[in-house]
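To start, the structure under review is shown below, and the notes come after it.
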DNA sequence: TAATAATTGAGATTGAGTCTCAATAACAAT
DNA sequence: ATTGTTATTGAGACTCAATCTCAATTATTA
């Protein structure tokens, strides 16, 4: 379970470092995101917040998402015709994915060696990596067996 | 160098399989994409085509890009405030991407070490990798400089 | 050549996301 | 606490990439 208070504190610190303030509106958005892990898009988030009776404008939701993105609390998973899809990455252990083309199974994996190699590659370019997405598509062990 | 004729033939085949036709407009767009490798966005592509004196409407450019995407000739690298960024993947050697959160710049890179490590990781899982996508998000050298 | 079906283009339309700016809220200093 | 300073908010206007419309056009099939 994610520690809401720690989240709030960490976000406040990030804001302070940039001469910005933790307002009620930002707090509302942050809480909503931390408490319902998973993917979301800005407009749905806005509607959800409004449904709970809280008042945060669309503009503020968008502005807060930009801040949360820059601070690394959330990351962009992709963009669809319904808009940007974000996911909460705060307090979530990073992992990558293998995706079986045959059966659709998704295997999560983590490799420290891989992480370090990526860092090394970034450094070479003067690039400061914040997050990444790696998806390997292919055939899982089970499906490979079945093919033979 | 990319074989324009082979490209045309392959695209025609794809279209035929879907009961569609290779028109002059589609041909113009295809040629433009195959002959200038690299990243591009739909509107710039449209303007480039118009500059050469050829007449293809914006709508057709967008429609053709959708087709080329579905047929695997091009793939989406990312989205910026200037629109979707595509890249030609037909006959192009594989590479991965770094995406600057600040300015939207996309840096291509290739690391043999990385490819081999991924293979090794797959093997451990009994997974047979066919293709992959890696996007590292963060800040490019230029933007990091500007931040200071 | 005629019939059929896909395609085009100009401009209207959509919709995610941004911007404006006066009103308001948070913070720092006294 | 009060005041001054500065960041933030919200409603709605605005932007602009992308899609849709539909009559005119073009490619294919019979």
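Residue numbers (my numbering), protein chains in the order written: chain A, 11 to 158; chain B, 11 to 158.
Glycine residues also receive a C-beta, built at the ideal position from the N, C-alpha and C atoms.
Predicted model only: the values in this text are computed from it and were never measured.
For the segment 124 to 151 of chain B, which residues have a beta carbon sitting closer than 8 Å to at least one beta carbon of chain A? 124, 127, 128, 131, 132, 135, 136, 137, 138, 139, 140, 141, 142, 143, 144, 145, 146, 147, 148, 149, 150, 151
Using only the alpha-carbon positions, how far apart do residue 74 (chain B) and residue 65 (chain B) sit? If you number the second chain from 1, residue 74 (chain B) lands on position 64. If you number the second chain from 1, residue 65 (chain B) lands on position 55. Each residue's Cα considered, the two are about 14 Å apart.
First and last residue of the alpha helix (DSSP H) that includes residue 17 (chain B)? Your numbering for residue 17 (chain B) matches position 7 in the second chain. It spans 14 to 27 - the alpha helix (DSSP H) in which residue 17 (chain B) sits, taken as one unbroken run.
Let me see if you follow: with CB-CB separation under 8 Å, is residue 119 (chain A) close to chain B or not? In the first chain, counting from the first residue as 1, residue 119 (chain A) sits at position 109. With 8 Å as the cut-off, residue 119 (chain A) counts as an interface residue toward chain B.
Pairing CB atoms from the segment 119 to 133 of chain A with CB atoms from the segment 80 to 88 of chain A, are three or more of them under 8 Å? no
Considering only residues of the same chain and omitting the five flanking positions on each side of residue 32 (chain A), which have a CB-CB separation below 8 Å? For the purposes of this step, residue 32 (chain A) is taken as the residue at position 22 of the first chain. For residue 32 (chain A), where only same-chain residues beyond five positions count, the Cβ hits under 8 Å are 18, 21, 22, 25.
Beta-carbon spacing of residue 82 (chain A), residue 140 (chain A) below 8 Å: Position 72 of the first chain, counted from the first residue, corresponds to residue 82 (chain A). Position 130 of the first chain, counted from the first residue, corresponds to residue 140 (chain A). In this structure, residue 140 (chain A) lies closer than 8 Å to residue 82 (chain A) by Cβ.
Evaluate contact between the segment 93 to 107 of chain B and the segment 106 to 123 of chain A, counting only Cβ atoms and requiring at least three cross-stretch pairs below 8 Å. no
Applying the criterion that 16 or more other CB atoms from any shown protein chain within 10 Å of the CB defines a buried residue, is residue 108 (chain B) buried or exposed? On the second chain, residue 108 (chain B) is found 98 positions in, with the first residue counted as 1. Answer is buried; the Cβ neighbour count reaches 16.
When the cut-off is 8 Å and only beta carbons count, does residue 103 (chain A) lie next to chain B? Residue numbering aside, residue 103 (chain A) sits at position 93 when the first chain is read from its first letter. Judged by the 8 Å Cβ criterion, residue 103 (chain A) is not in contact with chain B.
When you compare only the Cα positions, how much space is there between residue 58 (chain A) and residue 39 (chain A)? For this step, residue 58 (chain A) is matched to residue 48 along the first chain. For this step, residue 39 (chain A) is matched to residue 29 along the first chain. Each residue's Cα considered, the two are about 10 Å apart.
Whole angstroms is fine: what's the gap from residue 77 (chain A)'s alpha carbon to residue 35 (chain A)'s? Here the question's residue 77 (chain A) lines up with position 67 in the first chain. Here the question's residue 35 (chain A) lines up with position 25 in the first chain. So the two alpha carbons sit approximately 13 Å from each other.
Along the alpha helix (DSSP H) that carries residue 3 (chain A), what are the first and last residues, could you check? Outside the displayed span of chain A (11 to 158) sits residue 3 (chain A), for which this structure offers no information.
Using a 10 Å radius around the Cβ and a threshold of 16 neighbouring Cβ atoms, would you call residue 13 (chain A) buried or exposed? On the first chain, residue 13 (chain A) is found 3 positions in, with the first residue counted as 1. Residue 13 (chain A) comes out exposed.
What are the residues of the segment 31 to 47 of chain A that lie near chain B, defined by any Cβ-Cβ distance shorter than 8 Å? none
Same chain only: Cβ atoms within 7 Å of residue 164 (chain A), ignoring 5 sequence neighbours per side: Shown here, chain A extends from 11 to 158; a query on residue 164 (chain A) therefore has no answer.
Can you tell which of A:37, A:92, A:46, A:158 has its C-alpha closest to the C-alpha of residue 52 (chain A)? Here the question's residue 52 (chain A) lines up with position 42 in the first chain. Ranking the options by Cα distance to residue 52 (chain A), first place goes to A:92.
Can you tell me whether residue 106 (chain A) is buried or exposed, with buried defined as 16 or more other CB within 10 angstroms of its CB? Counted from its first residue, the first chain places residue 106 (chain A) at position 96. Looking at its Cβ environment, which holds 16 or more other Cβ atoms inside 10 Å, residue 106 (chain A) is buried.
For residue 72 (chain A) and residue 28 (chain B), I'd like the C-alpha separation in whole angstroms. Taking the first residue of the first chain as 1, we reach residue 72 (chain A) at position 62. Taking the first residue of the second chain as 1, we reach residue 28 (chain B) at position 18. Whole-angstrom Cα-Cα distance: 40 Å.
Secondary structure of residue 81 (chain A), DSSP reduced to three states: Counting from 1 along the first chain, the entry for residue 81 (chain A) is found at position 71. In the structure shown, residue 81 (chain A) sits in coil (DSSP, three-state: anything other than H, G, I, E or B).
Chain-ordered chain B contacts of residue 85 (chain A) [CB-CB under 9 Å]: Residue mapping note: residue 85 (chain A) aligns to position 75 of the first chain, counting from 1. Simply 147.
Considering residue 125 (chain A), what are the terminal residues of the alpha helix (DSSP H) in which it resides? Residue mapping note: residue 125 (chain A) aligns to position 115 of the first chain, counting from 1. Unbroken alpha helix (DSSP H) run through residue 125 (chain A): 122 to 135.
Residue burial classification, residue 149 (chain B) (beta-carbon count within 10 angstroms, cutoff 16): Taking the first residue of the second chain as 1, we reach residue 149 (chain B) at position 139. Counting Cβ neighbours within 10 Å, residue 149 (chain B) comes out buried, since at least 16 surround it.
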